[in-house]
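In what follows, a structure is listed as structure tokens, so that the remarks can point back to it.
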Amino acid sequence: MPESLQTFINIFQGGVDRIIIPNIQRDYAQGREIEEIRRVRNRFLDALYRAVTTEEGIKLDFVYGDLKDGVLTPLDGQQRLTTLFLLHWYAAKKENVPPDET
Numbered sequence: 047m048p049e050s051l052q053t054f055i056n057i058f059q060g061g062v063d064r065i066i067i068p069n070i071q072r073d074y075a076q077g078r079e080i081e082e083i084r085r086v087r088n089r090f091l092d093a094l095y096r097a098v099t100t101e102e103g104i105k106l107d108f109v110y111g112d113l114k115d116g117v118l119t120p121l122d123g124q125q126r127l128t129t130l131f132l133l134h135w136y137a138a139k140k141e142n143v144p145p146d147e148t
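Written out as structure tokens, the structure reads:
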């Protein structure tokens, strides 16, 4: 995948069919109840909310990994990809979008 700004949807329109999270990645951290993580999470959620409600966009830094045969294996960016997936999934469920259209 080229080095450029992408949306979550663009990732799957650019040759990525699946994302596989390698075992070396740490567990998803957004639900942890540690004060530092809570503070980071709140700032992140505020930024996501502003991006969705104002269409101003948001840069989530980079996702780095290996793309082979349509499978993206992220080495960095797994937390961002997981958050975007969950946000996309929630919005699709809330709007009753059929799974084959997401």
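Taken in order, the sequence shown gives residues 47 to 148; the numbers are from my numbering.
The C-beta atom is built at its ideal place from N, Cα and C for all residues, glycine as well.
Here the alpha carbon of glutamine 52 sits roughly 13 angstroms from the alpha carbon of tyrosine 110.
With a threshold of 16 other beta carbon atoms within 10 Å, glutamine 59 falls short and is exposed. A residue is called buried once 16 or more other Cβ atoms fall within 10 Å of its Cβ, and isoleucine 83, having fewer, is exposed. Rounded to the nearest angstrom, the gap between the Cα atoms of leucine 118 and isoleucine 55 is 14 angstroms. Between the C-alpha atoms of serine 50 and threonine 99 there is a straight-line separation of about 24 angstroms. Between the stretch 102–109 and the stretch 121–129 there are three or more inter-stretch CB-CB distances shorter than 8 angstroms, so the stretches are counted as touching. Closest in C-alpha terms to lysine 105, from the list Lys140, Ala93, Asp146, Gly61, comes Ala93.
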